[in-house]
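Chains as they are written, first to last, in our numbering: chain S, 272 to 434; chain G, 8 to 194.
For glycine and all other residues, C-beta sits at the position ideal for the given N, C-alpha and C.
Written out below as structure tokens is the structure these notes cover.
Dropping the structure here:
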């Protein structure tokens, strides 16, 4: 044999096992309580993430997403209109990964994540002065404190309130 | 053959070398090369490895090519398309970078101008007036990705003109702005 692959095989196997172990650790906490959202769709990420953080689909129920997606021409005061193909793709992705919890408060679907019961309870300990901080500016500005919001990671470990 | 060497040794101790631990616990007898373990014929074993390595190389090359896609259009082509559109308006006399600059910096409806988000220097990074999200430079000299996709250009002119002027912009206004942006040098 011109080349000895024994070492290569050993290193390769160890590398593969380490990668597998690392992957399982990363996804071990992937449940609702830790608020790590690992779903992804390129169109959603680039379109919804163009003006604000691409809010993970799991933060609102499907009916809310449908209402939002059907009113993009007047999206919280801005024109966020999209071509039909992109809008359809994003709507399907949002519906598929939407929050399925039972927490309906009214007949009209909630359009703001910040008005959901979950958002309020998760942020009940945040003092008023933080919300007024110009670096936070708005409750919709997840990335002001959730340093890894862009990657869908809203876990408490990665929260850093500007001080 | 699996895990025979690791019997009786655990991975829990802090002093345990992780690689040793993984090998001891999960990997085949380290004395035996993988092709013996897989029990493949000796003629096949080298070509199998070499093939795997070649395929790996090809995949890396292909991925490298995908990272650098050619742009659909150039800003000059986009400007030419706007000119064709604007020419349909009677009295069209070409685009003006000067008009474009003043249009860009003038506040229209809602106390907003283009520069509210893109700043007075389109070669600099901007910030969304509402969300604070960073906006990459708009001037093609500072950001070669700008005005290289006709669909994207149409999408953002429509949205932003509606936000800033409560109406869509005319081909003249869009062309003037792009003519201005093309004169902005890189910082």
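Taking 8 Å as the cut-off, is the C-beta of residue 189(G) nearer than that to any heavy atom in the ligand MN?
The ligand MN is absent from the structure shown, which contains no ligand whatsoever.
In terms of residue numbering, what span does the alpha helix (DSSP H) encompassing residue 167(G) cover?
157 to 172
DSSP three-state call for residue 349(S): helix, strand or coil?
strand
CB contact below 9 Å: residue 368(S) versus chain G:
no
Within the 9 Å Cβ cut-off, does residue 162(G) reach chain S?
yes
So what does DSSP say about residue 367(S), is it helix, strand or coil?
helix
Label residue 368(S) either buried or exposed according to how many other C-beta atoms from any shown protein chain fall within 10 Å of its C-beta, with 16 as the threshold for buried.
buried
Contact under 9 Å by Cβ, residue 173(G) with residue 117(G):
yes
Run through DSSP, which three-state label would residue 372(S) get?
coil
Terminal residues of the continuous alpha helix (DSSP H) containing residue 337(S)?
333 to 340
Cutoff 8 Å; reference residue 183(G); Cβ partners in own chain excluding five residues on either side:
102, 103, 104, 106, 107 and 110
Going by alpha carbons, who is nearest to residue 158(G) out of 385(S), 356(S) and 335(S)?
356(S)
For residue 127(G), which residues in the same chain have their Cβ closer than 7 Å to its Cβ, ignoring the five residues on either side in sequence?
112
Cα separation between residue 340(S) and residue 358(S)?
7 Å
When burial is assigned at 16 or more other CB atoms within 10 Å of the CB, is residue 318(S) buried or exposed?
buried
Contacting residues, own chain, Cβ-Cβ under 7 Å from residue 164(G) (five flanking each side not counted):
176 and 181
What do you get for residue 361(S), buried or exposed, if any count of 16 or more other CB atoms within 10 angstroms of its CB means buried?
buried
Leaving aside the five residues before and after residue 142(G) along the sequence, list all residues of the same chain whose C-beta is less than 7 Å from its C-beta, in chain order.
124, 125, 132, 133, 134 and 135
Residue 63(G), buried or exposed, once every other Cβ within 10 Å from all chains shown has been counted against 16
exposed
Beta-carbon proximity list for residue 328(S), same chain, < 6 Å, skipping 5 on both sides:
365, 368 and 369
Please list the terminal residues of the continuous alpha helix (DSSP H) segment that includes residue 393(S).
388 to 393
Mind listing which residues of the stretch 138 to 152 of chain G have their C-beta closer than 7 Å to chain S's C-betas, in chain order?
138, 139 and 140
List the DSSP bridge partners of residue 142(G).
133(G)
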